[in-house]
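K.L.:
One structure, as structure tokens, below. Some questions next.
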DNA sequence: ACATATTATTTGCCTGAGCAATCATTGCTT
DNA sequence: AAGCAATGATTGCTCAGGCAAATAATATGT
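Chains as they are written, first to last, in this note's numbering: chain A, 1 to 155; chain B, 1 to 155.
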């Protein structure tokens with residue numbers, strides 16, 4: 001049994017984990033997307049394409065579960081990507097509820113351009129820290145995620 | 001000069017820091033707000049009140065800078081809090097551009113109820129980790145924030 | 001003093017995400 | 001086989017947040 005981390009004395013908005021999580025995420029998100037040229041994909045669209053390309057998911061439902069994104073909103077993101085020729089929809093023949101998503105050539109070239117930029121952004125941000133620190137940071141985030149959403153690991 | 005952390009081989013959406021940051025923040029946000037009863041403040045409204053109560057900020061502009069929240073949206077949050085009697089606006093007499101925000105008794109009682117719940121949520125989430133791990137996690141978040149927004153430290 | 005730049009606040013507009021409802025399809029139960 | 005629950009995809013609705021413009025007041029430079 002460990003002691004409580006926060007007490008009335010040491011709990012301050014500025015140094016609280018919630019404030020920092022939100023702030024860092026937002027700065028990263030805007031930092032990455034802001035460096036892309038006008039007319040490029042949005043960060044969220046990139047995430048969807050990257051998941052699709054990784055081969056771990058192939059439908060809208062899987063994507064929304066995996067990313068933790070609303071299914072309705074996912075439909076619209078896919079609409080946009082389809083309209084831009086980044087992917088195609090194909091009704092599954094065995095289970096006709098399912099629409100399989102197939103990344104198109106256009107989508108692959110977009111990924112080839114954008115993914116290295118995302119990696120560079122993170123590598124730049126992480127430069128100066130040693131790998132053990134970063135590993136610990138990511139392990140902590142993973143552990144917190146798992147505790148907040150026990151299903152997350154089983155997927 | 002350190003080696004790049006991410007390479008084409010090890011960079012996967014699922015284990016990337018961006019995915020984890022977003023997911024953990026969202027789960028925390030919804031976990032906290034979801035545990036409050038119907039009709040309570042929103043999490044964002046609580047954050048604003050908590051900052052105000054801490055005494056480190058006293059105007060809308062300071063709040064939006066501090067929290068990293070849009071100034072226009074901040075006006076509306078303050079509108080809501082004012083409408084619910086949680087705070088009052090008072091035009092500054094020396095610099096008439098400024099509207100000083102004063103937390104009301106109603107606001108203090110709301111904070112007295114909600115703030116311990118937020119602390120409990122975090123303490124619960126952090127239980128099982130030792131303080132050194134949590135410290136390292138928060139130090140890392142702080143360092144990343146500072147690197148992403150160098151002005152953040154000076155405030 | 002006067003013109004210009006900056007800051008604080010507010011408003012309108014637009015986009016994107018969450019929620020609930022709907023429809024089609026499949027799986028399960030009896 | 002029929003009924004019912006569960007799943008996948010989609011749509012309309014609503015709301016919150018980001019952006020840009022407008023307004024008012026103050027600071028700065030010449």
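Positions of the beta carbon are idealized from the N, C-alpha and C atoms, including for glycine.
Please tell me whether residue 20 of chain A and residue 45 of chain B are closer than 7 Å, where the distance is taken between their beta carbons.
P.N.:
It is not a contact, given that the beta carbons lie outside the stated cut-off.
K.L.:
Tell me the rounded alpha-carbon separation between residue 9 of chain B and residue 112 of chain A.
P.N.:
Between residue 9 of chain B and residue 112 of chain A, the C-alpha separation is close to 14 Å.
K.L.:
Does residue 141 of chain A come within less than 7 Å of chain B when only Cβ atoms are used?
P.N.:
Yes, residue 141 of chain A counts as interfacial toward chain B.
K.L.:
Going by DSSP, what residue range makes up the beta strand (DSSP E) through residue 52 of chain B?
P.N.:
First-last for residue 52 of chain B: 43-54, but that is the alpha helix (DSSP H), not the beta strand (DSSP E).
K.L.:
Report yes if the C-beta distance between residue 119 of chain A and residue 11 of chain B is below 7 Å; otherwise report no.
P.N.:
Yes, they are a contact pair.
K.L.:
Can you give me the Cβ contacts of residue 32 of chain B inside the same chain, cut-off strictly under 8 Å, excluding the 5 residues immediately before and after it?
P.N.:
Excluding positions up to five away in sequence, the list reads 43, 117, 118, 121.
K.L.:
For residue 74 of chain A, tell me which candidate among A:49, A:96, A:53, A:56 has the shortest Cα-Cα distance.
P.N.:
Ranking the options by Cα distance to residue 74 of chain A, first place goes to A:49.
K.L.:
Would you identify the three-state DSSP class for residue 99 of chain A, choosing helix, strand or coil?
P.N.:
Correct three-state label for residue 99 of chain A: strand.
K.L.:
If contact is defined by three or more beta carbon pairs under 8 Å, each pair taking one atom from either stretch, is the stretch 124-139 of chain A in contact with the stretch 87-104 of chain A?
P.N.:
No, because fewer than three Cβ pairs between the stretch 87-104 of chain A and the stretch 124-139 of chain A fall closer than 8 Å, the two stretches do not touch.
K.L.:
Would you call the CB atoms of residue 28 of chain A and residue 18 of chain B closer than 7 Å?
P.N.:
A contact, by the Cβ cut-off of 7 Å.
K.L.:
Just to check my reading of the structure: residue 59 of chain B and residue 98 of chain B have Cβ atoms closer than 8 Å, yes? What is that Cβ distance to the nearest angstrom?
P.N.:
Indeed, because the Cβ distance is near 6 Å, the residues count as touching under 8 Å.
K.L.:
Near residue 155 of chain B, what residues of its chain come up, given a Cβ to Cβ distance below 6 Å and the 5 sequence neighbours on each side ignored?
P.N.:
With a pLDDT of 47 at residue 155 of chain B, under the threshold of 50, the modelled position of that residue is not reliable, and no figure is offered here.
K.L.:
Hey, does residue 149 of chain B have any beta-carbon neighbour from chain A nearer than 7 Å?
P.N.:
It does: the Cβ of residue 149 of chain B has a partner Cβ on chain A nearer than 7 Å.
K.L.:
With a threshold of 7 Å between beta carbons, is residue 23 of chain A in contact with chain B?
P.N.:
True, the Cβ-Cβ gap to chain B drops below 7 Å.
K.L.:
Taking only beta-carbon atoms, is residue 127 of chain B less than 7 Å away from chain A?
P.N.:
Residue 127 of chain B counts as touching chain A.
K.L.:
Per DSSP, residue 88 of chain B is paired with what?
P.N.:
BP columns for residue 88 of chain B point to B:102.
K.L.:
DSSP three-state label for residue 59 of chain A, please.
P.N.:
Residue 59 of chain A falls in the strand class under three-state DSSP.
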